[in-house]
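Top to bottom, those sequences are chains B and H. Each residue of the first sequence is one higher than the one before, counting from 101 in my numbering. Each residue of the second sequence is one higher than the one before, counting from 101 in my numbering. Here the structure comes first, spelled out in structure tokens, and everything after it is commentary.
Number of protein chains: 2
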Amino acid sequence: MQNDLVAALDVGGTKIAAGLVDTDGRIHLRVRRPTPAREDAETVMDAVTAVLGELRGSPLWTRVSAVGIGSAGPVDASAGTVSPVNVPGWRAFPLVERVRLTTGELPVELIGDGAAMAAAEHWQGAARGCRDALCMVVSTGVGGGLIIGGRLHPGPTGNAGHIGHISVDLDGDLCPCGGRGCVERIASGPNIARRALANGWRPGPGGDTSAAAVAAAARAGDPAAVASFERAARALAAGIAATAGLVEIETAVVGGGVAGAGDVLFVPLRRALREYATLSFVRGLTVVPALMGTDAGLVGAAAAALPARPEEPAAIAAGRP
Amino acid sequence: MQNDLVAALDVGGTKIAAGLVDTDGRIHLRVRRPTPAREDAETVMDAVTAVLGELRGSPLWTRVSAVGIGSAGPVDASAGTVSPVNVPGWRAFPLVERVRLTTGELPVELIGDGAAMAAAEHWQGAARGCRDALCMVVSTGVGGGLIIGGRLHPGPTGNAGHIGHISVDLDGDLCPCGGRGCVERIASGPNIARRALANGWRPGPGGDTSAAAVAAAARAGDPAAVASFERAARALAAGIAATAGLVEIETAVVGGGVAGAGDVLFVPLRRALREYATLSFVRGLTVVPALMGTDAGLVGAAAAALPARPEEPAAIAAGRP
């Protein structure tokens, strides 16, 4: 039973979670704290050190062989630094080096949260057994990660799969990232709600203007709500089709709060995909809901720190048939 | 000197070329025929068999260790078949099996022409030494291929890097592929000329309406010609930025006839790229002209058939830093 656990750290703009994950993907110990996202760099780091300290206090800690970190991005895996958009106190913050102060000599792997979600879905979720897949989160933002040749492709800096900020509408609205017509600018939850409101949808008496409320209205037939989800679906379809044309994927896994809309999103998404994924080698592409839920961050961070699994020999990893 | 050559075959809609290529990328023997593109499947195959027969007739043939095929797409490398858009007689044509009738027991590798161009630029041209790159041809169509982790990423079917048919304008004009707002629909040579003409550009007395003529007019300051290249540049920039966000590339290599426009294309392309490639990990992306010219098809087909080169150990190929 020695060295069969990985310490996983999931750093987001809202919460910092940590856990001990075994080689079957089971989480044995789980701790979390709110992210003090508006505080200075050291206050945020104190929260990370605190959750890691709780893990170290467990008798299971002696079985830990590696540390995996998934962080809100952008990250720079080669430098070991993170600059989460929603944690302004951290800019090129040396998270790997600082985590090592707590975890000692253990190897540490850092990836972006999109890559972590993809690693989790590939290991334990909807992309299990897939050779080539895009896994994405559609929520307050839109993120993602790529499985290529049977394994995670984090890219040199850990940010690959960043589908939220590819432009599918080159003359479209300016995005906070500086680009135009990004997938996120059209398909994120807040943009779905914004567009529905602008086109005449009115929230219920509770005043709930979330994407979930728009989804409920769409299910009830509200035309502005339906149209807003259809527009989001077109943007997602164009982005997924682009990914398929560029790297050849067999499956797109879609998770996050907006995916919780179910058929309101997936029916127009699959319809739009037939319009944009037209070439012979991408026509078989399937779109499926994610399975890992909120555990994806921890499980994916753990996956990144585990050694290559037996079903991933080098020949597959190298992309050879 | 034994077994140091590869037989390379480059099948396009206009010509079929073949050559013997050494392990340094030098072409020792080169033969070509026009593609009888409007003829039936067997007539096209006869032309392939003829060029291969010329290679076999050479005393150098005894040194050949493998056969590499780059073909106009779509191809299906896993099935060994090709369905070139501009050769209607070939649909799921078993090119690999048919080539083997001439080349015997030698191993045969098939990739798409975009992947072949990328392999050539990575081996001998503008992407030499790059770990992650997109190489593209902007000509009558727009094609491309990807280098990921220091080696060619053809994808399971050999079509990866298909940047010409990703949508950068989801409400845009219908493309012959069935999609909308594809990069090719905006940035190919014929579309550059079409848009310039529609906006008031008038060709010279010779009536030349090629993209090269539009480029000459743009250099002379014709506003419709300048604007048409700028529009093409924006579409290419959005596509290149999307590729960078999805797979992390450090360089985009642009070749083909339209790239011959030089600054008329590259200046607005680099400017537009700053608008679309905004995230920290893609901002350093460079765009450079291709170097391999018309040899790219043969050299790239040869590269696909060569064993992995020493500078490409498995750890790099697997995408690990």
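Think of the CB as a built atom: it goes at the ideal place given N, C-alpha and C, for glycine as much as any other residue. Here the structure is a predicted model, which means the values were calculated and not measured.
Closer than 6 angstroms: G281 of chain H CB and nearest the ligand ATP heavy atom: This structure does not include the ligand ATP; it has no bound ligands of any sort.
Under 7 angstroms from the C-beta of A260 of chain B: neighbouring residues of chain H: Taking the first residue of the first sequence as position 1, residue 260 of chain B is located at position 160. Against A260 of chain B, the close residues of chain H are L346, V347, E348, in the order they occur along the chain (beta-carbon pairs closer than 7 angstroms).
Partner residues on chain H for L246 of chain B, Cβ-Cβ distance less than 8 angstroms: In the first sequence, counting from the first residue as 1, residue 246 of chain B sits at position 146. Close to L246 of chain B, with beta-carbon spacing below 8 angstroms, are these residues of chain H in chain order: L346, V347.
Check whether V167 of chain B and A107 of chain B have beta carbons under 7 angstroms apart: Position 67 of the first sequence holds residue 167 of chain B. Position 7 of the first sequence holds residue 107 of chain B. Their beta carbons are under 7 angstroms apart, which means V167 of chain B touches A107 of chain B by this criterion.
Rounded separation between E411 of chain B and A215 of chain H - CA only: Numbered from its first residue, the first sequence carries residue 411 of chain B at position 311. Numbered from its first residue, the second sequence carries residue 215 of chain H at position 115. For E411 of chain B, the predicted model reports a pLDDT of 48, less than 50, meaning its position is unreliable and no value from the coordinates is stated.
A226 of chain H at chain B interface by Cβ criterion, 7 angstroms: What you label residue 226 of chain H is simply residue 126 of the second sequence in a count that begins at 1. With 7 angstroms as the cut-off, A226 of chain H does not count as an interface residue toward chain B.
Inter-stretch contact (C-beta, 8 angstroms, three-pair minimum) for the region 192 to 206 of chain B and the region 374 to 381 of chain B: In short, these stretches do not touch, since the Cβ pair count stays below three.
For G243 of chain H, the residue or residues it bridges with in DSSP: Position 143 of the second sequence holds residue 243 of chain H. Looking at the DSSP assignment, G243 of chain H forms a beta bridge with H:V237.
Where T181 of chain H sits in the DSSP three-state scheme: Within the second sequence, the letter at position 81 stands for residue 181 of chain H. Here T181 of chain H sits in strand by DSSP.
Any beta strand (DSSP E) of 3 or more consecutive residues that is wholly inside the region 163 to 235 of chain H: 164 to 171, 208 to 212
Counterpart residues of G280 of chain B in DSSP-defined beta bridges: Here residue 280 of chain B corresponds to residue number 180 of the first sequence, with the count starting at 1. The residue you asked about is not Gly; residue 280 of chain B is Arg in the sequence shown. The partner list for R280 of chain B (beta bridge, DSSP) reads B:L274.
Min CB distance S380 of chain H to chain B below 7 angstroms: For this step, residue 380 of chain H is matched to residue 280 along the second sequence. Judged by the 7 angstroms Cβ criterion, S380 of chain H is in contact with chain B.
D395 of chain H at chain B interface by Cβ criterion, 7 angstroms: Locating residue 395 of chain H in the second sequence gives position 295, counting from the first residue. Chain B contact via Cβ: absent.
Whole runs of the beta strand (DSSP E) within the region 319 to 381 of chain H, excluding any shorter than 3 residues: 351 to 355
Status (buried if at least 16 other CB within 10 Å, exposed otherwise) for S178 of chain H: Numbered from its first residue, the second sequence carries residue 178 of chain H at position 78. Counting Cβ neighbours within 10 Å, S178 of chain H comes out exposed, since fewer than 16 surround it.
Contact check, T143 of chain B vs G113 of chain B, beta carbons under 7 angstroms: Residue mapping note: residue 143 of chain B aligns to position 43 of the first sequence, counting from 1. Residue mapping note: residue 113 of chain B aligns to position 13 of the first sequence, counting from 1. For T143 of chain B and G113 of chain B, no; Cβs fall outside 7 angstroms.
R132 of chain B - partner residues in DSSP beta bridges: Counting from 1 along the first sequence, the entry for residue 132 of chain B is found at position 32. According to DSSP, R132 of chain B bridges with B:A117.
is_contact[T343 of chain H, chain B] using C-beta, thresh 7 angstroms: Against the second sequence, residue 343 of chain H aligns to sequence position 243. By this cut-off, T343 of chain H is an interface position.
Counted within 10 angstroms of its Cβ, other Cβ atoms place A359 of chain B as buried (16 or more) or exposed: As a first step, residue 359 of chain B must be located in the first sequence, where it is residue number 259. Looking at its Cβ environment, which holds 16 or more other Cβ atoms inside 10 Å, A359 of chain B is buried.
Inter-residue spacing [alpha-carbon to alpha-carbon] between P194 of chain B and M145 of chain B: Indexing the first sequence from 1 puts residue 194 of chain B at position 94. Indexing the first sequence from 1 puts residue 145 of chain B at position 45. C-alpha separation (whole angstroms): 10 angstroms.
Buried or exposed by the 16-neighbour rule on C-beta atoms within 10 Å, applied to A320 of chain H: Reading the second sequence from its first residue, position 220 is the one you call residue 320 of chain H. Exposed, since its Cβ has fewer than 16 Cβ neighbours within 10 Å.
7 angstroms Cβ cutoff met for A361 of chain H and A315 of chain H: For this step, residue 361 of chain H is matched to residue 261 along the second sequence. For this step, residue 315 of chain H is matched to residue 215 along the second sequence. A315 of chain H sits close to A361 of chain H, with the two beta carbons spaced by under 7 angstroms.
N-terminal and C-terminal residue of the alpha helix (DSSP H) that T123 of chain H is part of: Within the second sequence, the letter at position 23 stands for residue 123 of chain H. It is not in any alpha helix (DSSP H) - T123 of chain H carries neither H nor E in the DSSP assignment.
Helix, strand or coil at A141 of chain H [DSSP, three-state]: As a working note, residue 141 of chain H is residue 41 in the second sequence. A141 of chain H falls in the helix class under three-state DSSP.
Proximity below 7 angstroms, CB of A338 of chain B to CB of S267 of chain H: The residue labelled residue 338 of chain B in the question sits at position 238 within the first sequence. The residue labelled residue 267 of chain H in the question sits at position 167 within the second sequence. Result yes, Cβ atoms of A338 of chain B and S267 of chain H sit closer than 7 angstroms.
Own chain residues within Cβ distance below 8 angstroms of R385 of chain B, not counting five before or after: Taking the first residue of the first sequence as position 1, residue 385 of chain B is located at position 285. The displayed chain sequence assigns Leu, not Arg, to residue 385 of chain B. Counting only Cβ-Cβ distances below 8 angstroms, and skipping sequence neighbours, we find I340, A341, A344, I349, E350, T351, A352, L373, A377.
Outcome for E197 of chain B when other beta-carbon atoms lying within 10 angstroms are tallied against a minimum of 16: The count along the first sequence starts at 1 and reaches residue 197 of chain B at position 97. When all chains shown are included, E197 of chain B counts as exposed.
Proximity below 7 angstroms, CB of A405 of chain H to CB of M217 of chain H: Translated into positions along the second sequence, residue 405 of chain H becomes position 305. Translated into positions along the second sequence, residue 217 of chain H becomes position 117. At a Cβ-Cβ threshold of 7 angstroms, A405 of chain H and M217 of chain H do not count as neighbours.
Alpha carbon of R191 of chain H to alpha carbon of L252 of chain B, nearest angstrom: Residue 191 of chain H sits at position 91 when you count from the first residue of the second sequence. Residue 252 of chain B sits at position 152 when you count from the first residue of the first sequence. Looking at the two C-alpha atoms, the distance is approximately 34 angstroms.
Cβ of G278 of chain B within 7 angstroms of any chain H Cβ: The residue given as residue 278 of chain B occupies position 178 in the first sequence. So, interface residue.
Distance between P290 of chain H and A312 of chain H (C-alpha atoms, nearest Å): Residue mapping note: residue 312 of chain H aligns to position 212 of the second sequence, counting from 1. Residue mapping note: residue 290 of chain H aligns to position 190 of the second sequence, counting from 1. Within the model, the alpha-carbon separation for A312 of chain H versus P290 of chain H is close to 10 angstroms.
Residue-level contact to chain H via CB, I340 of chain B, 7 angstroms cutoff: Working through the first sequence from its first residue, we reach residue 340 of chain B at position 240. Put simply, the CB of I340 of chain B is far from chain H, with every gap to its CB atoms at 7 angstroms or more.
Contact list for V388 of chain B against chain H, beta-carbon separation under 9 angstroms: As a working mapping, residue 388 of chain B is identified with position 288 in the first sequence. Within 9 angstroms Cβ-Cβ: nothing; V388 of chain B doesn't reach chain H, min ~19 angstroms.
Own chain residues within Cβ distance below 7 angstroms of V242 of chain B, not counting five before or after: Position 142 of the first sequence holds residue 242 of chain B. Only M236, I263, G264, V283, E284, A287, S288 meet the Cβ criterion.
S267 of chain H - partner residues in DSSP beta bridges: For the purposes of this step, residue 267 of chain H is taken as residue 167 along the second sequence, with counting starting at 1. Beta bridge pairing from DSSP links S267 of chain H with H:C282.
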